[in-house]
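Quick note, the sequences are listed as chains A, B and C, same order. When we follow our numbering, the leftmost residue of the first sequence carries the number 1, and every step to the right adds one. When we follow our numbering, the leftmost residue of the second sequence carries the number 1001, and every step to the right adds one. When we follow our numbering, the leftmost residue of the third sequence carries the number 2001, and every step to the right adds one. Every residue, glycine too, gets a C-beta built ideally from N, C-alpha and C. Predicted model only: the values in this text are computed from it and were never measured. Have a look at the structure below before the remarks.
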Amino acid sequence: MIYRETGQFRTSYAEDQAIFRLRQDKIGIAVILAIAWVGIPLLADEYLLRAILIPFLILSVAAIGLNLLLGYCGQISLGTGAFMAVGAYAAYNLALRVPGSPLLLDFLLAGLVAAAVGVLFGLPSLRIKGLYLAVATLAAQFFADWAFLRVPWFTNYTPSGSVTAPRLDFFGWVVDTPLEKYWLCLAFACVIALLAKNLVRSRIGRSWMAIRDMDIAAEIIGIRPMTAKLSAFAVSSFVAGLAGVLWAFVHLGSWEPLAFSIDMSFRLLFMVIIGGMGSILGSFLGAAFITVLPIFLNQVPAMIGIQLSTAMVSHLEFMIFGTLIVLFLIWEPHGLARLWQIGKEKMRLWPFPY
Amino acid sequence: MAELGPVLEVLLGGLMSGVLYALVALGFVLIFKASGVFNFAQGAMVLFAALSLVRLSEWLPFPLAFLLTIVIMIAVAWAVERLVLRPLVGQHGLILFMATIGVTFFLDGFGQTIWGSNVYQLDLGIPASPWFLLENVFPGGILVSPIDVFAAAIAGSLVLALSIFFHSTKIGRALRAVADDHQAAQSVGIPLNQIWLIVWSTAGIVALVAGMAWGSKLGVQFSLSLVALKALPVLILGGLTSIPGAIVGGLVVGAGEKLAELYIGPLIGGGIEYWFAYVLALAVLLVRPQGLFGEKIIERV
Amino acid sequence: MALAAVPESPRESLTSAPPRRARRIGEVLLAVENISLRFGGVRALSNVSFDIRKGEIRAIIGPNGAGKSSMLNVINGFYHPQEGRILWKGQARARMRPHEAAKGGIARTFQNIALFKGMSTLDNIMTGRILKMRASFLEQALWIGRGRSEELRERAFVERIIDFLEISHIRHTPVGKLPYGLQKRVELARALAMEPELLLLDEPMAGMNLEEKEDMCRFVLDVNEEFGTTVALIEHDMSVVMDISDRVVVLDYGKLLADGTPEEVRNDPAVIEAYLGVSHG
Chain A
1 MIYRETGQFR
11 TSYAEDQAIF
21 RLRQDKIGIA
31 VILAIAWVGI
41 PLLADEYLLR
51 AILIPFLILS
61 VAAIGLNLLL
71 GYCGQISLGT
81 GAFMAVGAYA
91 AYNLALRVPG
101 SPLLLDFLLA
111 GLVAAAVGVL
121 FGLPSLRIKG
131 LYLAVATLAA
141 QFFADWAFLR
151 VPWFTNYTPS
161 GSVTAPRLDF
171 FGWVVDTPLE
181 KYWLCLAFAC
191 VIALLAKNLV
201 RSRIGRSWMA
211 IRDMDIAAEI
221 IGIRPMTAKL
231 SAFAVSSFVA
241 GLAGVLWAFV
251 HLGSWEPLAF
261 SIDMSFRLLF
271 MVIIGGMGSI
281 LGSFLGAAFI
291 TVLPIFLNQV
301 PAMIGIQLST
311 AMVSHLEFMI
321 FGTLIVLFLI
331 WEPHGLARLW
341 QIGKEKMRLW
351 PFPY
Chain B
1001 MAELGPVLEV
1011 LLGGLMSGVL
1021 YALVALGFVL
1031 IFKASGVFNF
1041 AQGAMVLFAA
1051 LSLVRLSEWL
1061 PFPLAFLLTI
1071 VIMIAVAWAV
1081 ERLVLRPLVG
1091 QHGLILFMAT
1101 IGVTFFLDGF
1111 GQTIWGSNVY
1121 QLDLGIPASP
1131 WFLLENVFPG
1141 GILVSPIDVF
1151 AAAIAGSLVL
1161 ALSIFFHSTK
1171 IGRALRAVAD
1181 DHQAAQSVGI
1191 PLNQIWLIVW
1201 STAGIVALVA
1211 GMAWGSKLGV
1221 QFSLSLVALK
1231 ALPVLILGGL
1241 TSIPGAIVGG
1251 LVVGAGEKLA
1261 ELYIGPLIGG
1271 GIEYWFAYVL
1281 ALAVLLVRPQ
1291 GLFGEKIIER
1301 V
Chain C
2001 MALAAVPESP
2011 RESLTSAPPR
2021 RARRIGEVLL
2031 AVENISLRFG
2041 GVRALSNVSF
2051 DIRKGEIRAI
2061 IGPNGAGKSS
2071 MLNVINGFYH
2081 PQEGRILWKG
2091 QARARMRPHE
2101 AAKGGIARTF
2111 QNIALFKGMS
2121 TLDNIMTGRI
2131 LKMRASFLEQ
2141 ALWIGRGRSE
2151 ELRERAFVER
2161 IIDFLEISHI
2171 RHTPVGKLPY
2181 GLQKRVELAR
2191 ALAMEPELLL
2201 LDEPMAGMNL
2211 EEKEDMCRFV
2221 LDVNEEFGTT
2231 VALIEHDMSV
2241 VMDISDRVVV
2251 LDYGKLLADG
2261 TPEEVRNDPA
2271 VIEAYLGVSH
2281 G
């Protein structure tokens, strides 16, 4: 089928405002969803699910969280890992200390706790701009690292400091095989992506973008900077917190504070920059790229006969990330998502480029 | 008097590491003043410089290795100016900041790829055994590490040299003009690109000195890059544009975190050195966003 | 919002406009009284008083650095004067922030365009409707109820402004990519979307060629006539000022030099001296 919009006339604003405007896009997303929900479960082996697809989906959710803040509202955060950690430990403590509470409710409440902490560390954003905010969010990161390591109440006084998630029981559906875990993460990713997309095409998303592009002009059209920025912190941290719960409960099973270190925060930042700031699709593309690259570096040189040490792979990873960040910022700040858009545009006009 | 001895010892140790924080913060301030770029890569530059020096001095006489490292740092400055800053000129500060995060990761990876990633001892010929001061005042005296004293001394002389450089040379005056107003400086014929190159080179040399000081204390290893993260709250405290601010901020953070560890640490589980500087900076941000010494930002519409 | 009565050009409108508008001009909408504004030691405004009446087009003129933009910034809540007060609809206004002024019905454009560069024309104008939308967070997130219906309603409203300002061809274009003249028009569209009672325009025609200026004049007059919007504008082009405004305030070195109809101001000896004595562009 050719990618064309010929003959597709949008006759109402509702059609013009739809997420997927072209019929081809609608079919495309339907195919992708069918593959994700049915195709992959039929074909994927346990390793693919466990090592690639589940982390990819969870990191996509976290990247959406950061993207809402950075890409849409223009507020940088180097502490996304901390907000994920808050979510994870909040869910752990809720499940532990409120026996019999539905797990899904614990998840959502944990997201709300993360949102509250996000707002707290977002408060300085009202008085300071961009770069200073990096420091404020780093403060969140270091404080969270310390708190979950040193305050034994959070880890229920386990001597090792490592905690284990309870059984994943959602109203009787016990999630324990990799496939079930994959479906669970996929469900979360789909729902969060849809909600995020709705938000960014609504009033609240526009007020975030207005603050991002020019805060002074945003004020003269009646946007309260405080409401806009703090709501971005709240929503972003809620999503990150939820991703943290999934990462801890579904992907890791048992974990230490190190699982949410500053390394995680930087990785998420890279996903957003490389995937595309201000794009929900970009969050998925960025997460995919950052998840797959290390695996690629580990396996491909070996296949063609080059033996790289683990340290070398990690250094290479650093260099590639660094280079890509700079290149994307220079050439395409909207990242892979924008490249995808350009590709589609070319296809729409093909074979007559003008 | 007996209890005062250990406290003084802690305070002195804190001030000494404060000087080292200040040294890293100084590199940030130089670059921020001249180019408005918040250079996250300063820490990576510290690591890169220290690694270069320590590995080169394995097969070169130390002075030669030192000079060669300076040349390498100037080359790094040149590459950053050419390949990263120039294409991004006029972009939002946030974009430039994120670009320097990219530079950070590249330099960390690149440095460890070519120089290796073990812990290397940097021996500057300073006695390792501690000195005991004021033994007649306090029982046992106050323990001071010669390396700390040495580091503080070079940091002090570097700050002095930079002040003279800024105030008494033609390049220094040009730098200050650029810091005040990019466009005005350009219109009186100060070439911005050259200035940036000079500033980044200077920051590279400051990084080398910081790397030597930290490296001789902790050994040259990846964690040097993380020292830079400690310099960020120092900057906030002192104000982004103030050299005296960087020094005072460094001392306050250095002494503050050691004393806080001593007095508050035991009450809430210890290890608060890890975040104390950040929370202090956060508190300052809320009360006085421009820092202790920074210029108040007046926003024009 | 019928466009039938749109005059062909601003020149043509002149013959008929003043008497027609004179009838529509109502009570005082906004009054500034004895405003003084200092930045450190620099006096930007000293003891300035004038008023803006409902339905009029009020011009603020003066040489560069006369304090015109500062005056708009005071009205708009960006600057807070050290002395004097502002009456909005007869009520003394407390110190307020720009977003509160917006809520009160004051919209503005800037001398250096202040659009949201990363957003499309449509989204930029839609931001002007933010104050009119009430959907709750959940309605927006789930795209249900008011979340959806308001988007459709406001989109329809915004489309009328897009038609009115003749920018429908650039609806989906990111504004950063538009030429200067069109950006100015989008900024006006965003201000209009707020349905303001008072519209402040800071040099809406600066840097435009003659044709673009004529278009802009026409839009300003149309806005004033069609919606009854009160307009206060800063402009350097004297012929434009004399043509479209009902009354003119002249500022010089932060002081009020003259205040009256274009005719009166043009013949004021102080104004003539200030303008002949000072070279300006």
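Here P2174/C carries a strand assignment [DSSP, helix/strand/coil]. Not flagged as an interface residue toward chain A: S1223/B, since no C-beta distance is shorter than 9 Å. Chain-order list of chain B residues neighbouring I128/A: L1285, P1289, by C-beta distance under 8 Å. Between the segment 169-184 of chain A and the segment 114-125 of chain A, the count of Cβ pairs shorter than 8 Å is below three; the stretches do not touch. Neighbourhood of S283/A in chain C, by CB distance below 8 Å: empty, with the nearest CB roughly 17 Å away. The continuous beta strand (DSSP E) containing T2109/C extends over residues 2106-2109. Secondary structure of I330/A (DSSP, three-state): helix.
The beta carbon of M264/A sits closer than 6 Å to those of G81, all from its chain and outside the five residues before and after it, given in chain order.
Annotation for K2068/C: the continuous alpha helix (DSSP H) segment containing it runs 2068-2075.
For L1285/B, the CB contacts under 7 Å within the same chain, skipping 5 residues up- and downstream, are I1236 in chain order. Taking W331/A as reference, the option from V1234/B, Q1091/B, Q1186/B with the minimal CA-CA separation is Q1091/B. In this structure, the CA atom of F2110/C is about 26 Å from the CA atom of Q2091/C. Interface criterion not met: the Cβ of L1259/B is under 9 Å from no Cβ in chain A. Of A88/A, F188/A, T158/A, F148/A, the smallest CA-CA separation from I54/A is found for F188/A. By the rule that beta-carbons nearer than 9 Å mark a contact, V1071/B does not touch chain A. By the criterion of at least three beta-carbon pairs nearer than 8 Å, the segment 2192-2199 of chain C is not in contact with the segment 2063-2072 of chain C. Here the segment 37-48 of chain A makes no contact with the segment 236-247 of chain A; the two share fewer than three CB pairs at distances below 8 Å. In this structure, the straight-line span from the alpha carbon of I1095/B to that of I76/A is close to 10 Å. Taken in chain order, the whole beta strand (DSSP E) runs of length 3 or more contained in the segment 110-195 of chain A number zero. Taking all protein chains in view, the Cβ of P225/A is crowded by 16 or more other Cβ atoms within 10 Å, so the residue is classified as buried. Just so you know, the alpha carbons of I192/A and N2034/C end up roughly 55 Å apart. At a beta-carbon threshold of 9 Å, the residues of chain B lying near L316/A are G1109, T1113, ordered along the chain. Distance from the CA atom of A1184/B to the CA atom of I1190/B, rounded to whole angstroms, is 9 Å. The CB of D213/A comes closer than 7 Å to the CB of F2116, K2117, G2118, M2119 in chain C, given here in chain order. Within the segment 4-61 of chain A, the complete alpha helix (DSSP H) runs of at least 4 residues fall at 13-16, 23-34, 40-43. Residues of the same chain with a CB within less than 6 Å of the CB of G2105/C, apart from the 5 flanking positions on each side, are P2196, E2197 in chain order. At least one CB of chain A lies nearer than 9 Å to the CB of S1117/B.
In the displayed model, N2112/C falls within coil according to three-state DSSP, outside both helix and strand.
Look at D16/A: its C-beta is under 9 Å from a C-beta on chain C. About 6 Å separates the Cβ atoms of K197/A and I19/A, confirming a contact at the 8 Å cut-off.
Rounded to whole angstroms, the separation of the alpha carbons of I320/A and L1051/B is 20 Å. Contact of G2145/C with chain A is not assigned, every C-beta pair being separated by 9 Å or more. Beta-bridge annotation (DSSP): E345/A is not paired with any residue.
Close partners of L1229/B in chain A (Cβ separation under 9 Å): L138, F142, I262. Contact between the segment 334-343 of chain A and the segment 277-293 of chain A is present: 3 or more CB-CB pairs across the two stretches fall below 8 Å. Here G2077/C really is in contact with A2101/C; their C-beta atoms are around 4 Å apart, less than 8 Å.
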